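Novice: Residue numbers for the sequence shown follow numbering that gives the first Met the number 0, so the first one is 0 and each next one is one higher.
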Amino acid sequence: MQFVSYFAVYFIVWWMTLFAVLPFGLRTQAEANEVVPGSVESAPARFRGGRVVLTTTIVSALIYGGWYILSVRFGYGIDSLPQLYPNFE
Numbered sequence: 000m001q002f003v004s005y006f007a008v009y010f011i012v013w014w015m016t017l018f019a020v021l022p023f024g025l026r027t028q029a030e031a032n033e034v035v036p037g038s039v040e041s042a043p044a045r046f047r048g049g050r051v052v053l054t055t056t057i058v059s060a061l062i063y064g065g066w067y068i069l070s071v072r073f074g075y076g077i078d079s080l081p082q083l084y085p086n087f088e
């Protein structure tokens with residue numbers, strides 16, 4: 000694969016990991032008893048964007064590294080997965 004393909008796979012893994020990591024460590028305004036007038040109680044009391052990006056980058060790098068080792072070094076790919084649907088050919 001070319002560099003652009005590797006980057007595209009990493010970007011997809013990073014983006015999916017972002018939404019998985021986003022709720023971890025989140026305290027709502029209702030939990031902190033600091034509801035700002037005009038905002039929803041479930042809004043974050045203090046959003047830590049840098050921490051979320053750093054955590055997402057580390058977790059996605061681990062996932063991507065596992066994928067890279069399985070696909071490039073060991074040769075596993077989509078064809079190695081079991082077929083979960085019937086073959087009508």
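Beta carbons: idealized from backbone N, C-alpha and C, even for Gly. No experiment lies behind these values; they were computed from the predicted model shown.
1. Where does V71 land, buried or exposed, given buried means 16+ other C-beta within 10 angstroms?
2. For P36, list the residues DSSP reports as bridge partners.
3. Output the distance between the C-alpha atoms of R26 and R45, rounded to the nearest integer angstrom.
4. Quick one: complete alpha helix (DSSP H) runs, 4+ long, within the segment 23-80?
5. Taking L21 as part of the alpha helix (DSSP H), name the residues at either end of that continuous run.
6. Whether or not the segment 27-46 and the segment 0-9 are in contact is what I'm after, with contact meaning three or more pairs of Cβ atoms, one per stretch, closer than 8 Å; do they touch?
7. Alpha carbon to alpha carbon, how far is P85 from T16? Give it in angstroms, no decimals.
8. Does the segment 58-70 come into contact with the segment 29-38, if we say contact requires no fewer than three beta-carbon pairs (one atom in each stretch) closer than 8 Å?
Specialist: In short:
1. As a working mapping, residue 71 is identified with position 72 in the sequence shown. Exposed, because fewer than 16 other Cβ atoms sit within 10 Å of the Cβ of V71.
2. As a position in the sequence shown, residue 36 is number 37, starting the count at 1. DSSP lists no partner for P36.
3. Along the sequence shown, read from residue 1 onward, the residue named residue 26 stands at position 27. Along the sequence shown, read from residue 1 onward, the residue named residue 45 stands at position 46. Their backbone Cα atoms lie some 7 Å apart in a straight line.
4. With a minimum length of 4 residues, the continuous alpha helix (DSSP H) runs that stay inside the segment 23-80 are 28-31, 48-67.
5. Against the sequence shown, residue 21 aligns to sequence position 22. Judged by DSSP secondary structure, L21 falls outside any alpha helix (DSSP H); it is assigned neither H nor E.
6. Look at the beta carbons and you see the segment 0-9 not touching the segment 27-46: under three pairs across the two are nearer than 8 Å.
7. As a first step, residue 16 is located in the sequence shown; it is residue number 17 there, counting from the start. As a first step, residue 85 is located in the sequence shown; it is residue number 86 there, counting from the start. Those two C-alpha atoms are separated by around 31 Å.
8. no
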